[in-house]
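Residue numbers (full-length UniProt numbering): 1 to 974.
Right under this line is the structure:
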């Protein structure tokens with residue numbers, strides 16, 4: 001075809017080509033202009049039709065929403081009226097149950113406590129005064145003892161002086177007497193008289209004296225012998241009845257000794273009981289003070305718990321005798337910062353993990369979840385399952401080398417915790433650093449040898465992956481409050497233990513006053529019995545007989561001793577008389593010697609008298625001084641004794657007053673306890689009513705806020721409906737104009753056309769350009785000049801048409817390919833959106849509180865791929881590596897089921913898809929299958945009850961008599 005055109009037509013055509021080009025361009029511009037105008041009109045027609053329909057649909061939806069909003073507001077207003085009536089009833093109930101009655105009881109309690117405190121103050125003041133008086137008495141007794149010691153010392157000094165001086169005076173007297181005697185002796189010797197060895201007189205005088213003494217001694221010895229004989233006769237007369245009297249007397253003395261021991265024992269018990277009674281009064285005062293402290297601390301603890309319910313994990317025991325020690329508590333309560341300037345950094349680092357609950361193992365968490373219905377999401381950390389690592393010392397050294405040891409800290413080094421919680425604490429804080437500044441944190445985080453998460457004191461977070469989180473921190477700082485509350489709790493426990501100890505002591509001593517009274521009566525009784533026994537013993541006949549018998553024996557012994565001494569003295573006197581008679585035979589020599597000795601003795605005596613007189617005069621002055629000092633001390637001691645008597649009287653009066661006050665204090669204490677019980681009971685009722693009323697008020701406030709929000713939304717919705725009505729009217733007017741202008745065929749064709757890649761702005765610009773070109777060519781081209789070449793043109797057109805057909809077919813094929821590619825992307829996008837929606841719903845069904853979605857790796861090209869994103873409690877995980885094996889299984893199962901749901905089939909077979917999951921997840925899967933796959937049938941192989949409970953029919957297999965047996969059970973579904 002090209003050869004024919006080249007040989008026959010083209011040579012002719014070459015001559016008219018130039019003229020033809022202009023005509024063709026004119027026709028081409030005209031054709032293109034017509035096509036573009038038709039396409040633009042068709043596009044405008046379709047768009048206006050869609051716009052009118054869209055406006056109509058949107059207005060219907062908005063009107064439905066508006067009607068729902070109005071109904072919701074009306075319903076909320078009705079609830080508001082009901083709630084107002086309920087709050088009025090609550091206020092009346094609170095007024096009747098609490099209010100004035102509670103205030104009256106509170107005033108009564110305060111009055112009783114005030115009265116008790118006044119009495120306690122009086123008791124304390126009285127005790128203080130007694131202690132003061134006791135101290136004064138002790139000081140005065142000490143002073144008296146010191147005075148007595150001084151007096152005794154002076155007295156002793158004076159006695160020593162008197163004794164010494166008495167010796168001197170005696171010696172002076174003796175010396176004077178000796179001088180007189182020696183002078184008398186010398187005169188007697190000069191007269192020729194001889195003296196014996198004892199120098200008591202002359203020898204003849206001594207002989208006469210000793211003879212007289214000998215006669216007297218002999219007479220006395222005879223009298224003693226006579227008395228002894230008489231007493232022995234009398235003793236023999238008493239001997240017959242004294243043995244029985246001695247036995248009776250011994251028995252009476254044994255009874256007396258036993259009774260004296262009993263009396264001493266009762267007396268000691270009474271003294272100890274009296275001391276314990278004084279201690280009892282002191283313990284009462286201590287118990288009251290402790291009770292006030294316990295109430296104050298309990299109030300602080302209750303206030304903290306009510307203001308921070310999220311910091312306390314409360315649950316019901318999953319089974320009887322459950323060991324609560326296996327539940328360690330929230331992470332935030334298991335550690336304390338060593339310095340609270342790091343609190344914000346540590347809080348940001350831990351994030352939501354602060355509220356995770358640490359348990360001993362996963363079984364404990366599972367049991368608690370199965371038996372408790374928590375209103376919030378609960379996360380458990382089983383110590384037996386988690387794996388945690390600490391930072392490598394080389395990494396720590398490198399980080400501190402970069403920023404400084406005083407600027408970079410491993411997070412674990414900034415907290416205190418119990419060693420048994422190490423794994424949980426490491427799991428949260430083990431792989432991060434705390435830095436003092438952003439600059440240091442950035443250097444440490446992105447260092448190739450460190451590459452760890454870093455947090456600043458302001459809460460900024462540097463992630464090794466390249467992200468940075470900072471700005472205003474919305475997390476609540478609770479660690480310092482928890483630390484203070486822990487201190488209060490420990491103090492409360494200590495006070496409670498101390499209170500229980502004191503209260504137990506008081507309970508054990510509750511009958512002490514009666515015991516003291518009984519012991520006092522017992523002491524008086526035993527004292528009376530003891531006095532009676534003593535009287536019976538001392539006044540009884542046996543005592544008199546034994547006493548008389550012992551008295552006679554003693555007299556006999558004394559007389560016999562005296563007789564022995566008399567006999568010995570009689571012999572001595574006889575010997576002395578004989579010696580003196582022998583001296584009388586050698587009188588001359590003895591006389592000379594005795595005269596010489598007497599002269600020497602007289603001289604010595606004179607010297608002694610002179611010496612003693614000098615010493616006596618010297619010491620007489622000291623003696624007078626001592627007399628004055630002793631007189632002063634005696635007066636001082638008398639005055640102090642009088643003061644001591646007065647102080648003892650005052651002390652006794654104060655003790656009597658204290659006893660009276662202690663009785664008053666006991667009465668006031670009983671009144672205070674009774675008033676406290678009444679107040680606490682009424683306060684409990686009032687608190688319950690107040691809490692109920694507060695809940696209703698909160699609900700009332702919430703309803704008002706909801707109504708206000710709904711009214712604002714309704715106003716916005718009405719405004720939007722008005723705007724949409726105006727837009728709809730304008731679109732309808734335009735549509736009427738174009739509908740009249742276009743022929744029916746073009747309108748039908750327009751509805752079938754695909755305008756996906758059509759760009760109206762470019763089309764308008766092309767129409768304007770073509771119209772201008774057409775107007776320009778129409779002025780210079782004359783179509784009549786080309787009629788002679790019609791044949792050649794027709795032939796050329798025929799061939800050209802064939803060629804164009806081929807080219808058009810090629811273009812059409814390419815357009816179809818492009819259209820199929822576009823449709824493929826649309827279908828992919830539609831399938832992705834459907835699967836994404838169902839994936840999120842299915843995952844939320846099998847794992848409540850979690851979210852999942854499919855995210856395009858490229859925002860412009862869906863064929864580039866999709867990635868799975870998962871979130872727990874609103875926190876999106878960075879990758880699936882952070883999920884546990886069970887959670888990843890649930891993600892995979894949810895995605896597969898979502899894809900199956902996009903193009904469902906009548907029958908599915910699932911083989912133990914729940915094998916790796918726990919019972920609650922298995923049950924959730926069963927519920928999800930019934931909810932989302934209502935048009936399909938499932939054959940599920942499972943070993944868990946959670947799946948059985950959602951089945952319509954159960955097929956069970958078991959081994960019977962060596963072969964497998966299958967049983968079919970139809971389940972009733974409610």
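Positions of the beta carbon are idealized from the N, C-alpha and C atoms, including for glycine.
Rounded to whole angstroms, how far is the Cβ of residue 947 from the Cβ of residue 925, which I believe are closer than 8 angstroms?
Taking the first residue of the chain shown as position 1, residue 947 is located at position 947. Taking the first residue of the chain shown as position 1, residue 925 is located at position 925. Yes, they are in contact, since the Cβ atoms of residue 947 and residue 925 sit about 7 angstroms apart, within 8 angstroms.
Burial state of residue 112, where buried means 16 or more other Cβ atoms lie within 10 Å
Here residue 112 corresponds to residue number 112 of the chain shown, with the count starting at 1. Buried, by the Cβ-count rule.
Mind checking whether the beta-carbon of residue 176 lies closer than 7 angstroms to any heavy atom of the ligand SAH?
With respect to the ligand SAH, the structure offers nothing, as it holds no ligand at all.
Closest residue to residue 470 among 441, 643, 54 (Cα-Cα distance)
The sequence position of residue 470 within the chain shown is 470, counting from 1. Per the Cα distances, 441.
If you draw a straight line from the C-alpha of residue 255 to the C-alpha of residue 525, how long is it?
The residue given as residue 255 occupies position 255 in the chain shown. The residue given as residue 525 occupies position 525 in the chain shown. So the alpha carbons of these two residues sit roughly 16 angstroms apart.
In the structure shown, what three-state DSSP assignment does residue 911 receive?
In the chain shown, the residue the question calls residue 911 occupies position 911. Three-state result, residue 911: strand.
Assigned exposure category for residue 955 - 16 Cβ within 10 Å defines buried
Stepping through the chain shown from its first residue, residue 955 is reached at position 955. Counting Cβ neighbours within 10 Å, residue 955 comes out exposed, since fewer than 16 surround it.
Report the residue from 518, 934, 920, 885 whose alpha carbon sits nearest the alpha carbon of residue 385.
The residue labelled residue 385 in the question sits at position 385 within the chain shown. When only C-alpha atoms are compared, the closest one is 885.
Every unbroken alpha helix (DSSP H) within the region 712-761, with a cutoff of 4 residues, ordered by chain
Those alpha helix (DSSP H) runs which fall completely within the region 712-761 and span 4+ residues are 744-752.
Against chain C, with Cβ distances strictly below 8 angstroms, would residue 48 count as a contact?
The structure shown contains no chain C; it holds only a single protein chain.
Tell me whether the beta-carbon of residue 335 lies closer than 8 angstroms to the beta-carbon of residue 425.
Taking the first residue of the chain shown as position 1, residue 335 is located at position 335. Taking the first residue of the chain shown as position 1, residue 425 is located at position 425. Yes, they are a contact pair.
Does the Cβ-Cβ distance between residue 80 and residue 943 come in under 8 angstroms?
Taking the chain shown and counting its residues from 1, the one referred to as residue 80 is at position 80. Taking the chain shown and counting its residues from 1, the one referred to as residue 943 is at position 943. For residue 80 and residue 943, no; Cβs fall outside 8 angstroms.
For residue 499, the first and last residue of its enclosing alpha helix (DSSP H)
Here the question's residue 499 lines up with position 499 in the chain shown. Segment 479-508, the alpha helix (DSSP H) holding residue 499.
Could you check the C-alpha separation between residue 494 and residue 328 for me, to the nearest Å?
For the purposes of this step, residue 494 is identified with residue 494 of the chain shown, where counting begins at 1. For the purposes of this step, residue 328 is identified with residue 328 of the chain shown, where counting begins at 1. Their Cα atoms are separated by approximately 21 angstroms.
Apart from the five residues just before and just after residue 721, which ones in its own chain have a Cβ nearer than 8 angstroms to its Cβ?
Position 721 of the chain shown holds residue 721. Result list for residue 721: 59, 62, 63, 66, in chain order.
Reducing DSSP to helix, strand and coil, say where residue 847 ends up.
Here residue 847 is taken as the residue at index 847 of the chain shown, counted from 1. In the three-state DSSP reduction, residue 847 falls in the coil class, being neither helix nor strand.
For residue 26 versus residue 767, is the C-beta distance shorter than 8 angstroms?
Indexing the chain shown from 1 puts residue 26 at position 26. Indexing the chain shown from 1 puts residue 767 at position 767. No, these two residues do not count as a Cβ contact at 8 angstroms.
Confirm, please, whether the CB-CB distance from residue 839 to residue 820 is below 8 angstroms.
Your numbering for residue 820 matches position 820 in the chain shown. Your numbering for residue 839 matches position 839 in the chain shown. Their beta carbons are not under 8 angstroms apart, which means residue 820 does not touch residue 839 by this criterion.
DSSP state of residue 965, grouped into three classes?
Position 965 of the chain shown, counted from the start, is the residue given in the question as residue 965. Strand.
Nearest neighbour of residue 271, chosen from 519, 210, 320 [CA to CA]:
Locating residue 271 in the chain shown gives position 271, where the first residue counts as 1. Of the candidates 519, 210, 320, the one whose C-alpha sits nearest the C-alpha of residue 271 is 519.
Range of the contiguous alpha helix (DSSP H) that encloses residue 357
Along the chain shown, read from residue 1 onward, the residue named residue 357 stands at position 357. Premise fails: residue 357 lies in the beta strand (DSSP E), 357-359, not in any alpha helix (DSSP H).
Go ahead and pull the three-state DSSP assignment for residue 75.
Counting from 1 along the chain shown, the entry for residue 75 is found at position 75. Three-state result, residue 75: helix.
Could you pull out every residue in the same chain whose Cβ sits closer than 8 angstroms to the Cβ of residue 452, ignoring the five residues on either side in sequence?
What you label residue 452 is simply residue 452 of the chain shown in a count that begins at 1. These residues qualify, in order along the chain: 391, 395, 399, 431, 432, 433, 444, 445, 464.
To the nearest whole angstrom, what separates the beta carbons of residue 492 and residue 692, a pair I think is in contact under 8 angstroms?
In the chain shown, counting from the first residue as 1, residue 492 sits at position 492. In the chain shown, counting from the first residue as 1, residue 692 sits at position 692. Rounded to whole angstroms, the Cβ separation of residue 492 and residue 692 is 28 angstroms, and the two are not in contact under 8 angstroms.
Own chain residues within Cβ distance below 7 angstroms of residue 136, not counting five before or after:
One-based indexing of the chain shown puts residue 136 at position 136. Correct list, in chain order: 647.
Looking only at its chain, what residues have a beta carbon closer than 8 angstroms to the beta carbon of residue 714, apart from the 5 residues adjacent to it on each side?
Your numbering for residue 714 matches position 714 in the chain shown. These residues qualify, in order along the chain: 66, 69, 70, 73.
In terms of residue numbering, what span does the beta strand (DSSP E) encompassing residue 309 cover?
Numbered from its first residue, the chain shown carries residue 309 at position 309. Premise fails: residue 309 is in no beta strand (DSSP E) and is neither H nor E.
Nearest-angstrom beta carbon gap, residue 455 and residue 348 [assumed within contact, 8 angstroms]
For the purposes of this step, residue 348 is taken as the residue at position 348 of the chain shown. For the purposes of this step, residue 455 is taken as the residue at position 455 of the chain shown. Contact flag correct, Cβ pair sits at about 6 angstroms.
Given this structure, state the Cα-to-Cα distance separating residue 232 from residue 558, to the nearest angstrom.
Looking up residue 232 in the chain shown gives position 232. Looking up residue 558 in the chain shown gives position 558. So the two alpha carbons sit approximately 13 angstroms from each other.
According to DSSP, is residue 91 part of a helix, a strand, or is it coil?
Here residue 91 refers to the residue found at position 91 when the chain shown is read from its first residue. Note: residue 91 maps to helix in three-state DSSP.
Where residue 513 and residue 673 are concerned, what is the direct C-alpha to C-alpha distance, given to the nearest angstrom?
In the chain shown, residue 513 corresponds to position 513, counting from 1. In the chain shown, residue 673 corresponds to position 673, counting from 1. Going by the C-alpha atoms only, they are around 20 angstroms apart.
Give the list of continuous beta strand (DSSP E) stretches no shorter than 3 residues that lie fully inside the UniProt domain "SMC hinge" (325-445).
327-330, 335-337, 357-359, 380-382, 408-410, 415-417, 432-435
Provide the residue(s) that pair with residue 853 in DSSP beta bridges, ordered along the chain.
Working through the chain shown from its first residue, we reach residue 853 at position 853. Beta-bridge pairing links residue 853 to 869.
Measuring straight from C-alpha to C-alpha, what distance separates residue 759 and residue 874?
As a first step, residue 759 must be located in the chain shown, where it is residue number 759. As a first step, residue 874 must be located in the chain shown, where it is residue number 874. In this structure, the alpha-carbon of residue 759 lies about 41 angstroms from that of residue 874.
Excluding sequence positions up to five away, which residues of its chain have a Cβ less than 6 angstroms from the Cβ of residue 199?
For this step, residue 199 is matched to residue 199 along the chain shown. Low per-residue confidence applies at residue 199: pLDDT is 47, beneath 50, and the placement is therefore not dependable enough to give any value.
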